[in-house]
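Mapping to our numbering: the sequence shown position 193 is 722, numbers consecutive. For reference, the structure is listed below as structure tokens.
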Amino acid sequence: MVDVLSLVPNASGVALAQWLEERGEPAYRARQILPRLWQRPVGSWDDATELPAALRRALAGALPLRRLSLSTRQVSQDGTEKFLWDLGDGEAVESVLIPEGKRRTLCISSQVGCALGCVFCATGRMGFRRNLSVAEIVCQVREVMLLDVALKPTNVVFMGMGEPLLNWEAVDGALTILNHADGVAIGARHITVSTVGILPSLAKLAQRPEQFRLALSLHAPTPELRHALMPIEKKYALPAVMEALARFRRRVTLEYVLIEGKNDALEQADQLAQLARPLGALVNLLPLHPGGAPDLSPSPRARMIAFERRLRRHGVEAVLRRSRGLDISAACGQLRVELEATLASSSRVVSSCTTTRPRPRARRTRRPTSSVPRRTTMRVESSGPTVSGALP
Ligand code: SAH
Ligand code: SF4
């Protein structure tokens, strides 16, 4: 048996060709079968009705299609959707789909939990459970396509649970499958890896020829403050991380969560500008998602705007994002905190994303076509008990 969904497209092509030859099947069958992995995915070989029934049965035995089972699906009133995938071993991870005009960004997880313990992050408080495999990472995208091919993401961000660069081997393979023309075929510029800056893996990502995007979770403009917010500072200190970014060759985004009274002073905006400007980096300012850390507060709106203006005055391109999916707790690790208490079906772990998008521009935007009424706060489709909650 070959776990064909864990293979990068060239390797799955070779494995399939070999298997077809051994069975005495014509080679052209590969051209029918391979698109069923990622391009026009089927949930089971039985659904590939263009193939003879005997071949379908043989495929199911030899190259079974691994599934993530959907245990919860939530729809926010802003159109953001959250999927909780049962991994079959008592663990679960989450993906968040964020629609925005023609763009559909899927935020995926790379680990169950996270070892790095950033103080504002719910996933960090969970600790590390295990790495996801290549197939478990990419199948988050595949499963969304199986639900509805019209939901195929245009963009993928590694901003769900976990630190992708601490699971480099699997993330490396997942990037190939996501980007490859015979894989999911999402352009490299539409795939973003978010990291706190794990230097050895960052160097490996930099060596890849594709134009994958990099988001560096900075959150503090000085080593001292970063140390207080992000324990990884002890191992990979800010100056070394900034040097690595300078060598990255591609434009990077700096992620900066604004936390009231911690990192949102205008003086800190000045310090941040000193880091961002030489890199020509874009700064994404993110409101702290409530629920990530009960003892911390998001910066007040006026302060966030003043912080953004200050950066721009220094010539730094800065974008103030606004939270998405607030009513479905669509921030890193939050779903676990809420659903562990309420959903008997999700037995252990749930991950999540920080789902943010830029503030709306002046032009009119179409209201999301969510089936959820404006004042309805949350709809949960779940194999467990139904949950509904009020917006904060
Ligand atoms: N571990 C990686 C990717 C997953 S976290 C990383 O840290 O980059 C994805 C993003 O969500 C990071 O920028 C992280 O700092 C941010 N994040 C975590 N908790 C948050 C919260 N409570 N509010 C807003 N953003 C948060
Ligand atoms: Fe881990 Fe990222 Fe959360 Fe920090 S912010 S604890 S690195 S998932």
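Here a beta-carbon is modelled for each residue, glycine too, at the ideal position from N, C-alpha and C. As the structure is a prediction and not an experimental result, all values here were calculated from the model.
Query raised in the report: Less than 7 Å between the CB of Met688 and some heavy atom of ligand 1, yes or no?
Result: Translated into positions along the sequence shown, residue 688 becomes position 159. Indeed, a heavy atom of ligand 1 lies less than 7 Å from the Cβ.
Requested in this report: With DSSP as the reference, label Leu498 as helix, strand or coil.
Outcome: The first residue shown for the chain is 530 and the last is 921, placing residue 498 beyond what the model contains.
Requested in this report: Pull up the DSSP beta-bridge partners for Ser573, would you.
Outcome: Your numbering for residue 573 matches position 44 in the sequence shown. According to DSSP, Ser573 bridges with nothing at all.
**Report entry** Element boundaries [beta strand (DSSP E), containing Lys611]
**Finding:** Taking the sequence shown and counting its residues from 1, the one referred to as residue 611 is at position 82. Element bounds for Lys611: 610 to 615.
Query raised in the report: In its own chain, which residues sit with a C-beta less than 6 Å from the C-beta of Arg890, not counting the 5 before and 5 after it?
Result: Start at 1 with the first residue of the sequence shown, and residue 890 comes out as number 361. For Arg890, the pLDDT reaches just 36, beneath the cut-off of 50, and the residue's location in the model is therefore unreliable, although a value from the coordinates is still provided. No residues qualify anywhere along the chain.
Query raised in the report: Which of helix, strand or coil does DSSP assign to Glu579?
Result: Residue 579 sits at position 50 when you count from the first residue of the sequence shown. Note: Glu579 maps to coil in three-state DSSP.
Query raised in the report: Cβ of Ala831 less than 8 Å from any chain B Cβ?
Result: Within the model displayed, chain B is absent; a lone protein chain is all it includes.
Query raised in the report: In its own chain, which residues sit with a C-beta less than 6 Å from the C-beta of Thr782, not counting the 5 before and 5 after it?
Result: Mapped onto the sequence shown, residue 782 falls at position 253. For Thr782, where only same-chain residues beyond five positions count, the Cβ hits under 6 Å are Ala744, Leu811, Asn813.
Requested in this report: Just confirm the distance between the C-beta atoms of Leu787 and Leu817, as a whole number of angstroms; I'd bet it's less than 8 Å.
Outcome: Within the sequence shown, residue 787 is the residue found at index 258, counting from 1. Within the sequence shown, residue 817 is the residue found at index 288, counting from 1. Correct: roughly 6 Å between the Cβ atoms.
Query raised in the report: Taking C-alpha atoms, which residue in Glu620, Gly619, Glu554, Ala699 lies nearest to Leu534?
Result: Numbered from its first residue, the sequence shown carries residue 534 at position 5. Selected option, being the one with the closest Cα: Ala699.
**Report entry** As assigned by DSSP and simplified to three states, the class of Pro760
**Finding:** Position 231 of the sequence shown, counting from 1, holds the residue named residue 760. Here Pro760 sits in helix by DSSP.
Query raised in the report: With distances taken from CA atoms, which of Asp711, Ile727, Arg737 is nearest Arg718?
Result: The count along the sequence shown starts at 1 and reaches residue 718 at position 189. Considering only alpha carbons, the answer is Arg737.
**Report entry** Selected residue, minimal CA-CA separation from Ala831, among Arg586, Asp824, Arg839
**Finding:** If you number the sequence shown from 1, residue 831 lands on position 302. It is Arg839 whose Cα lies nearest to the Cα of Ala831.
Query raised in the report: Are the region 662 to 679 and the region 557 to 571 touching by the rule of at least three beta carbon pairs closer than 8 Å?
Result: yes
Query - Boundaries (first-last residue) of the alpha helix (DSSP H) holding Thr950 - result: Here the chain covers residues 530 to 921 and nothing more, so residue 950 does not appear.
**Report entry** Boundaries of the alpha helix (DSSP H) in which Cys668 is found, first to last residue
**Finding:** Reading the sequence shown from its first residue, position 139 is the one you call residue 668. Membership of Cys668 in the alpha helix (DSSP H) is indicated by the continuous run 663 to 676.
Requested in this report: Could you work out which residue in Arg659, Asn660, Asn684, Arg658 is closest to Val670 when comparing CA atoms only?
Outcome: Walking along the sequence shown from the start, residue 670 turns up at place 141. Selected option, being the one with the closest Cα: Asn684.
Query raised in the report: Tell me which same chain residues have a C-beta within less than 7 Å of the C-beta of Gly809, skipping the five on either side of it?
Result: Numbered from 1 along the sequence shown, position 280 holds the residue referred to as residue 809. So the qualifying residues of the chain are Arg780.
**Report entry** Neighbourhood of Leu747 by C-beta, 7 Å cutoff - its chain only, sequence neighbours within 5 removed
**Finding:** As a first step, residue 747 must be located in the sequence shown, where it is residue number 218. Closer than 7 Å at Cβ, skipping near neighbours: Leu783, Glu784, Tyr785.
Query raised in the report: Just reading off the beta strand (DSSP E) that Arg633 is part of, what are its end residues?
Result: Translated into the one-based positions of the sequence shown, residue 633 becomes position 104. Taken as a continuous stretch (DSSP letters only), the beta strand (DSSP E) holding Arg633 covers 632 to 636.
Requested in this report: Quick one: give me the first and last residue of the alpha helix (DSSP H) that Ser598 is part of.
Outcome: One-based indexing of the sequence shown puts residue 598 at position 69. It is not in any alpha helix (DSSP H) - Ser598 instead sits in the beta strand (DSSP E) that spans 598 to 604.
Query raised in the report: Just to confirm, are Asp532 and Arg596 a CB contact at a threshold of 8 Å?
Result: Mapped onto the sequence shown, residue 532 falls at position 3. Mapped onto the sequence shown, residue 596 falls at position 67. Contact: no.
Requested in this report: Give the secondary structure of Phe836 by DSSP, where H, G and I count as helix, E and B as strand, and everything else as coil.
Outcome: Position 307 of the sequence shown, counted from the first residue, corresponds to residue 836. Helix at Phe836.
Query raised in the report: Which runs of the alpha helix (DSSP H), 4 residues or longer, sit entirely within the region 716 to 748?
Result: 728 to 736
Query raised in the report: So, are the CB atoms of Leu695 and Ile720 less than 8 Å apart?
Result: Looking up residue 695 in the sequence shown gives position 166. Looking up residue 720 in the sequence shown gives position 191. Contact flag unset, no.
Query raised in the report: What residue range is occupied by the uninterrupted beta strand (DSSP E) comprising Leu811?
Result: Walking along the sequence shown from the start, residue 811 turns up at place 282. DSSP places Leu811 in the uninterrupted beta strand (DSSP E) bounded by 811 to 816.
**Report entry** Helix, strand or coil at Arg893 [DSSP, three-state]
**Finding:** Numbered from 1 along the sequence shown, position 364 holds the residue referred to as residue 893. Residue placement at Arg893 is poorly supported in this model, since its pLDDT is 34, which falls under 50; the coordinates are not used for a value here.
Query raised in the report: Heavy atom of ligand 3 less than 7 Å from the Cβ of Gly821, yes or no?
Result: This structure simply doesn't include ligand 3; it includes ligand 1 and ligand 2 instead.
**Report entry** Per-residue DSSP class, three states only, for Leu872
**Finding:** Taking the sequence shown and counting its residues from 1, one reaches residue 872 at position 343. Confidence at Leu872 is low in this model, with a pLDDT of 31, below 50, so the placement of that residue should be treated as unreliable; the coordinate-derived value is given next. In the structure shown, Leu872 sits in coil (DSSP, three-state: anything other than H, G, I, E or B).
Query - Distance between Ala766 and Arg806 (C-alpha atoms, nearest Å) - result: The residue you call residue 806 lines up with position 277 of the sequence shown. The residue you call residue 766 lines up with position 237 of the sequence shown. If I take the Cα positions, the gap works out to 19 Å.
Query raised in the report: Is the beta carbon of Arg850 less than 8 Å from the beta carbon of Leu804?
Result: Looking up residue 850 in the sequence shown gives position 321. Looking up residue 804 in the sequence shown gives position 275. No, these two residues do not count as a Cβ contact at 8 Å.
Query raised in the report: Leaving out the 5 sequence neighbours to the left and right, which residues in its chain are closer than 7 Å to Pro538 when beta-carbon positions are compared?
Result: Locating residue 538 in the sequence shown gives position 9, counting from the first residue. The residues are Ile706, His709, Asp711, Gly712.
Query raised in the report: Who pairs with Gly702 in a beta bridge, going by DSSP?
Result: Against the sequence shown, residue 702 aligns to sequence position 173. DSSP lists no bridge partner for Gly702.
Query raised in the report: Does any heavy atom of ligand 2 sit closer than 7 Å to the C-beta of Leu704?
Result: Indexing the sequence shown from 1 puts residue 704 at position 175. A distance criterion of 7 Å places the beta-carbon of Leu704 beyond contact range of ligand 2, judged by its closest non-hydrogen atom.
Requested in this report: With Gly642 as the anchor, note down where its beta strand (DSSP E) starts and where it stops.
Outcome: Against the sequence shown, residue 642 aligns to sequence position 113. Start and end: 640 to 642.
Query - Check: Val641 C-beta below 7 Å from any heavy atom of ligand 2 - result: One-based indexing of the sequence shown puts residue 641 at position 112. Not so, every heavy atom of ligand 2 lies at least 7 Å from the Cβ.
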